[in-house]
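2 protein chains.
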Amino acid sequence: MKFKPQYCQVQDALSILVGKWKPIILLHLMSEGTMRYGETKKALVGITPKMLTSQLRELEEEGLISRKLYPEVPPKVEYSITEYGMTLEPILVAMHDWGTKHVIRKSEM
Amino acid sequence: MKFKPQYCQVQDALSILVGKWKPIILLHLMSEGTMRYGETKKALVGITPKMLTSQLRELEEEGLISRKLYPEVPPKVEYSITEYGMTLEPILVAMHDWGTKHVIRKSEM
DNA sequence: CTGCATCCGGGGGGATACTG
DNA sequence: CAGTATCCCCCCGGATGCAG
Chain A
3 MKFKPQYCQV QDALSILVGK WKPIILLHLM SEGTMRYGET KKALVGITPK MLTSQLRELE
63 EEGLISRKLY PEVPPKVEYS ITEYGMTLEP ILVAMHDWGT KHVIRKSEM
Chain B
3 MKFKPQYCQV QDALSILVGK WKPIILLHLM SEGTMRYGET KKALVGITPK MLTSQLRELE
63 EEGLISRKLY PEVPPKVEYS ITEYGMTLEP ILVAMHDWGT KHVIRKSEM
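Chains A and B are the protein sequences, given in the same order.
Under my numbering, the first residue of the first sequence is numbered 3, with each subsequent residue one higher.
Under my numbering, the first residue of the second sequence is numbered 3, with each subsequent residue one higher.
Given below as structure tokens:
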């Protein structure tokens, strides 16, 4: 094994992904490319506007996604993943694979 | 891209790894195999006994690590990673790789 | 040596209502 | 359409002290 835990930056990756909706937002943007606010809201069943906005803002501040505002009426905002955001793909893929293989049976608890 | 976000279990993996010290504890146990309580405490600079215990307990409850108590005086407790815990290795490796490549410059902020 | 008990503060996240 | 504004609760994580 080639870990050097003492120099471990695992926490950095984790801190970026922590947030109830962040990983799934990133996955959506990775596969869809670009999505509008309402589009994302429909995709994330159960999310409140406040949460969606805050999660998007934090992802944007980290440089993982970009926000493009069209000065129109009605308003139009598009979110897309950045190159930097794409670097997280291997992690999300690993988590996605793990999640599908090791389904947690919380419904039985 | 082969994601199906609507069936996404990414959150499951994330929820298991969330905890200030969990990833690094798992990495240590993955590389060392077995560690005593005090050994782990020395490895995790700055952790308090309470936190170490709580994180270990939660990892144990998830079935990721196992706890072996030796009824001796003084007490001796050994923690080791389980097979189930090892299934998280790809995720932690991915996060570790990402972390070392994309070092976050928070010290400059 | 390996914990548990207690007190405490901050913030992530939920529900609901309102706005340019 | 794309968000704000408020209120509120839970629980993570820190500090300190005690115990078998």
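A virtual CB, placed ideally from N, CA and C, is assigned to each residue, including glycine.
Residue i and residue j closer than 7 Å at C-beta
i	j	result
M32 (chain B)	I83 (chain B)	yes
A15 (chain A)	P92 (chain B)	no
K70 (chain B)	E60 (chain B)	no
G124 (chain A)	Q11 (chain B)	Outside the displayed range of chain A (3 to 111) lies residue 124 (chain A), so it cannot be described from this structure.
Whole-angstrom distance between residue j and residue i, CA atom to CA atom
i	j	result
P25 (chain A)	H98 (chain A)	10 Å
L46 (chain B)	Y39 (chain B)	11 Å
I49 (chain A)	K78 (chain B)	47 Å
L58 (chain B)	I67 (chain B)	8 Å
Q13 (chain B)	H104 (chain B)	23 Å
E34 (chain A)	G35 (chain B)	41 Å
P51 (chain B)	P76 (chain B)	17 Å
E41 (chain A)	S56 (chain B)	40 Å
W23 (chain B)	E74 (chain B)	28 Å
L94 (chain A)	S17 (chain A)	14 Å
Contact set between residue i and chain A, taken where Cβ atoms lie within less than 9 Å
i	result
M37 (chain B)	Residues of chain A passing the Cβ test: none, with the nearest at roughly 11 Å.
Residue nearest to residue i in terms of C-alpha spacing, selected from the options
i	options	result
H30 (chain A)	A:E63, A:M88 and A:T50	A:M88
L54 (chain B)	B:K43, B:E62, B:I67 and B:L28	B:K43
L28 (chain A)	A:E74, A:H104, A:P76 and A:E64	A:E64
L19 (chain B)	B:K103, B:L90 and B:H104	B:L90
E85 (chain B)	B:E74, B:P76 and B:E62	B:E62
Partner residues on chain A for residue i, Cβ-Cβ distance less than 8 Å
i	result
T42 (chain B)	Going along chain A, no residue has its Cβ under 8 Å from T42 (chain B), so there is no contact; the nearest lies around 11 Å.
G101 (chain B)	C10, Q11, V12, Q13, D14 and A15
Item checked: Positions along the segment 79 to 97 of chain B whose CB lies within less than 7 Å of some CB in chain A -> For the segment 79 to 97 of chain B, the residues whose beta carbon sits under 7 Å from a beta carbon of chain A are, in order, T89, L90, P92, I93, L94, A96 and M97.
Next item on the list: Mind checking the segment 57 to 80 of chain A against chain B and listing, in chain order, the residues whose C-beta falls within less than 8 Å of any C-beta there?
Entry: none
Notebook entry, point to check: Listed from N- to C-terminal order along the chain, which residues in the segment 17 to 28 of chain B have their beta-carbon within a distance smaller than 7 Å of any beta-carbon of chain A?
Noted result: L19, V20, P25 and I26
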